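Inspection log for the structure reproduced underneath, given as structure tokens.
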């Protein structure tokens, strides 16, 4: 097994074990054993458990979100863009879903280190601001925009929590109805 394969295997096994046992219940030795490498080899790639956790919970999550965002079809109605975003989460492979689930648990405060949670919370706050700028295209009332943005984000987060954390399926109709309802409620005059 060459080094890139080892590093990928370490990350994959880390996601599985962190997801199952949590940050505090997982040991570096356990991850190394499951990845089929020595503890020193794991430390070659990651300084400590927190740096490995940050890699799989934050860095991999950001890369995943960037990849998902890049694959969304633009130049379509905003409601269709948000529909695509929700549908993407239903089609994630096991590794990506594991990364997403782990990141959500940390963001919600259920697991992880304070440092990684702080980074995810900061990223989330920046995302809320970006979302508000995007939704300004659908809502021209400056007093309504912050409320509309917050509600829209909460609806999307609720759908994604159902998909990622609870492994629930949401029908296309339900996704479209909720998104369209919100978009219609603030349609520009």
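In this note's numbering, the protein residues as written are 200 to 388.
Note that CB positions come from ideal geometry on N, CA and C, so glycine has one too.
Note that the coordinates shown come from a computational prediction; the quantities given were computed from them, not determined experimentally.
Helix, strand or coil at residue i [DSSP, three-state]
i, result
"residue 335", "coil"
"residue 393", "The structure shown does not extend to residue 393, since the chain spans only 200 to 388, so no value can be given for it."
"residue 368", "coil"
"residue 290", "coil"
"residue 426", "Since the first residue of the chain shown is 200 and the last is 388, residue 426 is not available in this structure."
"residue 309", "coil"
"residue 376", "helix"
"residue 273", "coil"
"residue 343", "coil"
"residue 236", "coil"
"residue 249", "helix"
Cβ separation of residue i and residue j, assumed to be a contact under 8 Å, to the nearest whole Å
i, j, result
"residue 261", "residue 306", "12 Å between Cβ atoms; not a contact."
"residue 210", "residue 255", "5 Å"
"residue 285", "residue 355", "7 Å"
"residue 298", "residue 265", "No, residue 298 and residue 265 are not in contact; Cβ-Cβ is about 13 Å, not under 8 Å."
Rounded C-alpha distance that separates residue i from residue j
i, j, result
"residue 216", "residue 296", "14 Å"
"residue 239", "residue 263", "28 Å"
"residue 409", "residue 207", "No statement about residue 409 is possible, as the shown extent of the chain runs from 200 to 388 and does not include it."
"residue 212", "residue 326", "29 Å"
"residue 372", "residue 273", "21 Å"
"residue 335", "residue 328", "11 Å"
"residue 349", "residue 320", "15 Å"
"residue 230", "residue 383", "49 Å"
"residue 399", "residue 249", "Examination of residue 399 is not possible in this model, given that the chain is present from 200 through 388 alone."
"residue 242", "residue 378", "45 Å"
"residue 232", "residue 270", "36 Å"
"residue 333", "residue 303", "23 Å"
"residue 204", "residue 252", "18 Å"
"residue 234", "residue 225", "14 Å"
"residue 310", "residue 316", "9 Å"
"residue 389", "residue 294", "Past the edges of the chain, shown from 200 to 388, lies residue 389, and the structure says nothing about it."
"residue 380", "residue 313", "37 Å"
Closer than 8 Å to chain C by CB, residue i
i, result
"residue 289", "Checking the listed chains, one finds no chain C in this structure; it contains a single protein chain."
For the segment 359 to 373 against the segment 338 to 348, do three or more pairs of beta-carbon atoms, one drawn from each stretch, fall closer than 8 Å, so that the two count as touching? no
Assess contact between the segment 274 to 288 and the segment 209 to 222, defined as three or more Cβ pairs (one per stretch) separated by less than 8 Å. Is contact present? no
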